[in-house]
Every structure is written in C-alpha cells, then in structure tokens.
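Participant: Structure incoming, see below.
Residue numbers (the numbering used here): 1446 to 1585.
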C-alpha cells in the first residue's frame, strides 16, 4: 500500500517561537480567546499596523502621508536595531536609533515597489494530518 502524500504550500508564520510572534499571540489570544495560529492573516495585518505606527513615530507628529510613507522602509528593513514590538521600536526611535522591525509573521523587508513577500510553508498530508516540512523565503 502506498500512503497518500499530497504536497501544497501556503503563506505561513516563519517562527512561532520568535519574540514578536509571542507578543502577537498573547494579544490575539487575550482579545479573541483563540490561539493566533487559528488565523494566519492576523499576524500579517498586525505587522502592517506595527510598521505603519513605527513609520508614523519616526516621521513625527506633524508628518504628511508622504513623509510617513518614506519612513516605512527605514523602520522595517535592515540595517538597524532589531525590534520585536512597537514599544521597543518607539523607545529606540526616541534615542534617534535606526530600527528594523522583525514581524510576528516574518521579516518585513519592503522592496522597491513597497511590497513585502511573505514566507511560504511546504506542507504534506501525513496520516491524515497537515504537516509543515519546510519554510521558503522568496527574495526579490
């Protein structure tokens, strides 16, 4: 008998043990009563809000939309001090340090077009269960 093993991929969380994912998971669970792993897209949305908030913080209180947009890469891409929460990023920005927000879903490195490419998980069905075998990062 040959066991049925199908292969597929989907967007996934790179590291559920990361500091930023732990922070997100605790907030998500507190707000919904469910583990964050029940909604793959929630971590991505959370990361976008944190990135935007850090860009707003970096741009200053009277910043225009254009000035905030110009700060998105500055707070999310390397180089910079790796930060895993908004509070850490805000504290570093107050010291005039460059920050690199490492997201709950994955790294948030914006490309020239302003896009972030998520990580993808490679999954197989094994004994009736979906099992992640690998994580693939696509860099442009």
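From the three backbone atoms N, C-alpha and C, an ideal C-beta is built for every residue, glycine too. Being a predicted model, the structure only gives us computed values, none of them experimental.
(1) By how many angstroms is the C-alpha of residue 1556 removed from the C-alpha of residue 1487?
(2) Between residue 1466 and the ligand FMN, is the CB less than 8 Å from at least one heavy atom?
(3) Quick one: is residue 1545 buried, meaning 16 or more other Cβ sit within 10 Å of its Cβ, or exposed?
(4) Could you compute how far the alpha carbon of residue 1482 sits from the alpha carbon of residue 1539?
(5) DSSP three-state call for residue 1531: helix, strand or coil?
(6) Tell me the DSSP bridge mates of residue 1538?
(7) Determine the direct distance from the alpha carbon of residue 1552 to that of residue 1512, and round the result to whole angstroms.
(8) Using only CA atoms, which one of 1514, 1554 and 1510 lies nearest to residue 1527?
(9) May I have a chain-ordered list of the alpha helix (DSSP H) segments no shorter than 4 residues that lie completely inside the segment 1472-1521?
(10) Can you confirm whether the segment 1489-1498 touches the segment 1509-1524 when touching is taken to mean that 3 or more C-beta pairs between the two stretches lie within less than 8 Å?
(11) With a cut-off of 9 Å, does the C-beta of residue 1473 fall near any C-beta of chain D?
(12) Kindly list the residues whose CB is nearer than 6 Å to the CB of residue 1577, restricted to its own chain and excluding five residues on each side of it in sequence; keep chain order.
Facilitator: Let's see:
(1) Each residue's alpha carbon lies about 22 Å from the other.
(2) The ligand FMN is not part of this structure, which contains no ligands at all.
(3) That one is buried.
(4) Spanning the two alpha carbons is a distance of roughly 33 Å.
(5) Residue state for residue 1531 is assigned as helix, using DSSP reduced to three classes.
(6) None; residue 1538 has no bridge partner.
(7) Those two C-alpha atoms are separated by around 23 Å.
(8) Looking at the Cα atoms, 1554 is the closest of the given residues.
(9) Segments of the alpha helix (DSSP H) lying fully in the segment 1472-1521: 1485-1504 and 1510-1521.
(10) Three or more Cβ pairs drawn from the segment 1509-1524 and the segment 1489-1498 lie within less than 8 Å of each other, which places the two stretches in contact.
(11) Chain labels in this structure do not include chain D; a single protein chain is all it has.
(12) Shown here for residue 1577: same chain residues with a beta carbon closer than 6 Å to its own, the five before and five after excluded, namely 1566 and 1568 in chain order.
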